[in-house]
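> Supplied in structure tokens, the structure appears directly below.
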Amino acid sequence: MDDKETKTKQAMLEMLFEKTGKGFSPKVMQFGIRPGRYGVVSQPDGHARVSSDCGDTIEMFLRMKDGRVEEAKFTSEGCVTTVASAQAASEMAVGKTVRECLAINQSSIMDYLDGLPGESRHCAYLAALALHRALRDYAIHRKGHWRTQDRQKCSREES
Ligand code: FES
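The numbering used here applies: residue 433 is where the sequence shown begins, and numbers increase by one.
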């Protein structure tokens, strides 16, 4: 683990510690600290990067097969609840059709996380937005070729 990773993890732990008294569910803490879907899908079929007014960002990557989400991963520069929300959205999306994924929204993500306090609810909205934008990207480009600029942008290896 390099210095940057260590500092990031330390910052997340401090933030989590600060927020544990504010009613965060065990699922939020688990997803926020150990998000199993954190990473990149190389040459994704759908991709989006969204940001919130607070400065948090989520980048969502989808691989599609037979009209369903085969793989969903994300990266984020954001707080624990943003990471937890993105983890929830990507976990909920896997195996679903585009139409089924469009039903994943702020409310269903909050339910999946066993709730979020008021000041963190927009994190779930941001995660839903990232998923929907990635689906839109897939819908727009599924008949075309993978765009060169995105291929370059997303050429990092899957983690
Ligand atoms: Fe703003 Fe999570 S705190 S998106």
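Every residue, glycine too, gets a C-beta built ideally from N, C-alpha and C. Every value quoted in this text rests on a predicted model; they were computed, and no experiment measured them.
#1: Taking just the CA atoms, how far does Gln519 sit from Lys439?
#2: Have a look at the DSSP bridge pairing and note the partners of Thr513.
#3: Using 10 angstroms around the beta-carbon of Lys505, count the other beta-carbons present and answer buried if the total reaches 16, otherwise exposed.
#4: Please report the straight-line C-alpha distance between Thr514 and Cys555, rounded to a whole angstrom.
#5: Could you check how far apart the C-beta atoms of Val472 and Arg495 are, in whole angstroms? I think they sit under 8 Å.
#6: If we count the other Cβ atoms within 10 Å of its Cβ and call it buried at 16 or more, is Gly499 buried or exposed?
#7: Taking Pro467 as the reference, give the member of Ala562, Leu558 and Ser508 with the closest Cα.
#8: Which parts of the stretch 470-525 are runs of the alpha helix (DSSP H), unbroken and 4 residues or longer, counting only runs that do not cross its ends?
#9: Could you tell me the distance, in whole angstroms, from the CA atom of Asp546 to the CA atom of Val501?
#10: Please tell me whether Leu548 and Met542 are closer than 7 Å, where the distance is taken between their beta carbons.
According to the structure data:
#1: 21 Å
#2: Its beta-bridge partners do not exist; DSSP assigns none.
#3: buried
#4: Their backbone Cα atoms lie some 5 Å apart in a straight line.
#5: That belief does not hold up - the Cβ atoms of Val472 and Arg495 are roughly 11 Å apart, past 8 Å.
#6: exposed
#7: Ser508
#8: 512-525
#9: 24 Å
#10: yes
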